[in-house]
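Engineer: Here our numbering is used: the first residue of the sequence shown is 2, the next is one more, and so on.
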Amino acid sequence: MKFRTLFLAAAAGLLIFSGCCSKKSHEVEHVFYIGLDGWGAYSVEKSEMIHAKQMMAKGAYTLKKRTVLPSSSAGNWESMFTGVGPEVHGFFECCSQTPDLEPRLIHRNGLFPNIFQLLRDKEPDAETGVIHQWSGIKYLVDTLSLSYHAHVPQYELCEVACNYIKEKKPRLAAIIWDEPDGVGHGAGHDTPAYYEKIKELDAWVGEVLKAIDEAGILDKSVIILTSDHGGIDHGHGGRTMMEMETPLIITGKGIKKGYCFDDLSVMQYDVAAIMADLLGVEPHRAWFGRTIPEIFE
Numbered sequence: 002m003k004f005r006t007l008f009l010a011a012a013a014g015l016l017i018f019s020g021c022c023s024k025k026s027h028e029v030e031h032v033f034y035i036g037l038d039g040w041g042a043y044s045v046e047k048s049e050m051i052h053a054k055q056m057m058a059k060g061a062y063t064l065k066k067r068t069v070l071p072s073s074s075a076g077n078w079e080s081m082f083t084g085v086g087p088e089v090h091g092f093f094e095c096c097s098q099t100p101d102l103e104p105r106l107i108h109r110n111g112l113f114p115n116i117f118q119l120l121r122d123k124e125p126d127a128e129t130g131v132i133h134q135w136s137g138i139k140y141l142v143d144t145l146s147l148s149y150h151a152h153v154p155q156y157e158l159c160e161v162a163c164n165y166i167k168e169k170k171p172r173l174a175a176i177i178w179d180e181p182d183g184v185g186h187g188a189g190h191d192t193p194a195y196y197e198k199i200k201e202l203d204a205w206v207g208e209v210l211k212a213i214d215e216a217g218i219l220d221k222s223v224i225i226l227t228s229d230h231g232g233i234d235h236g237h238g239g240r241t242m243m244e245m246e247t248p249l250i251i252t253g254k255g256i257k258k259g260y261c262f263d264d265l266s267v268m269q270y271d272v273a274a275i276m277a278d279l280l281g282v283e284p285h286r287a288w289f290g291r292t293i294p295e296i297f298e
C-alpha cells in the first residue's frame with residue numbers, strides 16, 4: 002500500500018513537472034517574410050528607414066545576423082528557407098538555378114526540405130505565396146508547393162504583394178525585392194544612391210505593413226524583415242563584415258518590444274527555424290537552424 006502511494010505521488014509529480022517544462026507554442030495565424038537583397042546591417046543606423054526602425058522599436062532585432070559563405074544570393078536565400086548551409090542544401094553560386102552540389106537529401110522536386118514544403122505537408126490547404134523581383138528566387142522555394150507565385154518588376158512588386166495580402170490573407174508569404182543589391186553593384190555600397198534606394202524600399206515595406214493592417218490580420222501576424230547579404234564597394238561574396246552581417250527584424254504578435262539580441266549568435270539558417278516555430282511546423286530532422294526563444298514575450 003505504501004509503495005502504491007509513493008508511486009502515484011511520483012507519477013503526479015512527473016506530470017506536473019512535464020506540464021511546467023513542456024515547450025511553449027508560439028504559433029501565430031500569419032507569417033510575412035520581407036527580404037531586401039543586398040541590404041547590409043552597416044547601413045541601418047545611418048539610413049532614413051522609418052518603417053524598419055519602427056519595427057525595431059516595436060519588436061526584436063539584431064544587426065549581426067551572419068550570412069553563410071559565399072556571401073551571395075542563392076545560397077543565403079536558400080539557407081533562410083531550408084535551415085541548413087550550402088554544403089547541405091547544395092546552392093553555392095550567386096545565381097544557381099539548380100543545386101551546385103547534390104543536396105544531402107531531397108524532400109520533393111529536387112530540393113532539400115524547405116519551410117514552404119513542410120507547411121504544405123502540415124496544412125495541405127494553407128494559403129502560401131512568394132512574390133519576388135529576382136527571377137532566381139523561383140528555383141529556391143519549390144513553386145509547386147505554393148498556392149501563389151509571382152515574378153514581377155521592382156516597381157510593381159509592392160502593389161502585387163499588397164493586393165495578394167488583402168485578398169488572400171496568406172498563412173505564409175515571402176515578399177522579396179532584388180534591391181538595394183542592384184544599386185550596390187552600380188553606384189556602390191554605402192553611397193548616397195544606396196541610402197536613397199533603401200529609403201524607397203522602406204516606404205514599400207510600410208505599404209506592405211499597411212496592407213496587412215487593412216486585411217484585418219495585423220494583430221494575428223508576425224513580420225520578418227531581413228536580407229541575404231550586404232556588400233562592399235561594388236560587390237559582395239567575400240568575408241568582410243559589411244558583406245557578412247545582415248539585419249533581422251521581427252515584430253508582431255507575441256514578440257518582445259524593443260529587444261536587441263545582438264549578443265546571441267544568429268545565422269541565416271536560423272530564420273527557417275524561427276518561421277517553423279511561428280507556424281507550428283516541426284523542423285525537419287536534418288535542419289540545424291535554431292529558433293530564438295528569447296524574442297518571445
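Where a beta carbon is used, it is the ideal one built from N, C-alpha and C, also for glycine.
Considering Cα atoms alone, identify which of 200, 264 and 172 is closest to residue 219.
Structural biologist: Each of 200, 264 and 172 was checked against the Cα of residue 219, and the nearest Cα belongs to 172.
Engineer: Please state if the CB of residue 131 and the CB of residue 150 are separated by a distance shorter than 9 Å.
Structural biologist: yes
Engineer: With distances taken Cα to Cα, identify the nearest neighbour of residue 209 among 230, 229 and 170.
Structural biologist: 170
Engineer: Quick check on residue 165: buried or exposed, where buried means 16 or more other Cβ atoms within 10 Å of its Cβ?
Structural biologist: Residue 165 should be labelled buried.
Engineer: In this structure, does DSSP put residue 117 in helix, strand or coil?
Structural biologist: helix
Engineer: Looking only at its chain, what residues have a beta carbon closer than 8 Å to the beta carbon of residue 270, apart from the 5 residues adjacent to it on each side?
Structural biologist: 69, 80, 81, 83, 84, 85, 86, 288, 289 and 290
Engineer: Taking the beta strand (DSSP E) that residue 249 belongs to, which residues open and close that run?
Structural biologist: 246-253
Engineer: If you draw a straight line from the alpha carbon of residue 190 to that of residue 245, how long is it in whole angstroms?
Structural biologist: 13 Å
Engineer: Measuring alpha carbon to alpha carbon, tell me which of 293, 280, 241 and 294 ends up nearest residue 116.
Structural biologist: 280
Engineer: Note down, in chain order, each residue of its chain lying with its Cβ closer than 6 Å to the Cβ of residue 272, except the 5 sequence neighbours on either side.
Structural biologist: 81
Engineer: What are the residues that DSSP puts in a beta bridge with residue 178?
Structural biologist: 37
Engineer: Residue 61 lies in the beta strand (DSSP E); which residues open and close that run?
Structural biologist: 61-67
Engineer: With a threshold of 6 Å on Cβ separation, who are the neighbours of residue 58 within its own chain once the five nearest residues in sequence on each side are excluded?
Structural biologist: 259
Engineer: What's the gap between the Cα of residue 266 and the Cα of residue 91?
Structural biologist: Approximately 23 Å between the Cα atoms of the pair.
Engineer: What number of angstroms, rounded off, separates the C-alpha of residue 278 from the C-alpha of residue 29?
Structural biologist: 9 Å
Engineer: Per DSSP, what kind of secondary structure is residue 85 in: helix, strand or coil?
Structural biologist: Here residue 85 sits in coil by DSSP.
Engineer: My output table needs one value for residue 222: the three-state DSSP class, helix, strand or coil.
Structural biologist: Three-state DSSP puts residue 222 in a strand.
Engineer: Give me the DSSP bridge partner(s) of residue 268.
Structural biologist: 67
Engineer: Could you give the distance in angstroms between the alpha-carbon of residue 137 and the alpha-carbon of residue 177?
Structural biologist: 11 Å
Engineer: Using 8 Å for Cβ pairs, my map puts residue 181 next to residue 37. What's the rounded Cβ distance?
Structural biologist: About 7 Å separates the beta carbons of residue 181 and residue 37, which is inside the 8 Å limit, making them a contact pair.
Engineer: Could you give the distance in angstroms between the alpha-carbon of residue 67 and the alpha-carbon of residue 268?
Structural biologist: 5 Å
Engineer: Comparing C-alpha positions only, which one of 275, 248 and 264 sits nearest to residue 56?
Structural biologist: 248
Engineer: Let me know if residue 294 comes out buried or exposed under the rule of 16 or more other beta-carbons within 10 Å of its beta-carbon.
Structural biologist: exposed
Engineer: Thinking C-beta only, is residue 224 closer than 9 Å to residue 35?
Structural biologist: yes
Engineer: Alpha carbon to alpha carbon, how far is residue 139 from residue 45?
Structural biologist: 28 Å
Engineer: What's the gap between the Cα of residue 75 and the Cα of residue 100?
Structural biologist: 9 Å
Engineer: Looking at the unbroken beta strand (DSSP E) that takes in residue 151, where does it start and where does it end?
Structural biologist: 149-152
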